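Quick note on my numbering: the sequence shown kicks off at 313 and runs consecutively.
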Amino acid sequence: MSTDQLRQFFAHISRDPSLREQVLKAVSADAAALIAQELGYEVSGDELLRFSGKSSSGVSLTKIQHPGEYH
């Protein structure tokens, strides 16, 4: 996956409020990546996690730490 695919997905999210809501409700990075893949973007959960703390097209990605989570 190129960063370009991720940026295109973020641009799509910024234009589509219903998609934004769907992604915000995703329970994991992999679930959000599946949404992207269904729309034709080559995005993985790992790539979304690596993009954490950055923003593109007005969309920011932040990894939420859950109690008991191991790294």
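Built from N, CA and C at the ideal position, the CB exists for glycine as well.
From a predicted model like this one, the values you see are computed outputs, not experimental measurements.
Considering just the uninterrupted stretch of the alpha helix (DSSP H) at serine 326, what are its terminal residues? 315-327
Could you compute how far the alpha carbon of serine 340 sits from the alpha carbon of glutamate 359? 12 Å
Using the DSSP secondary-structure output, state which residues sit across from valine 335 in a beta bridge. None; valine 335 has no bridge partner.
Residue interval of the alpha helix (DSSP H) (run including leucine 360): 357-362
Selected residue, minimal CA-CA separation from leucine 331, among Gln317, Leu351, Ser356: Leu351
By the DSSP assignment, the alpha helix (DSSP H) with leucine 387 in it spans what residues? This structure cannot settle anything about residue 387, because the visible part of the chain is limited to 313 through 383.
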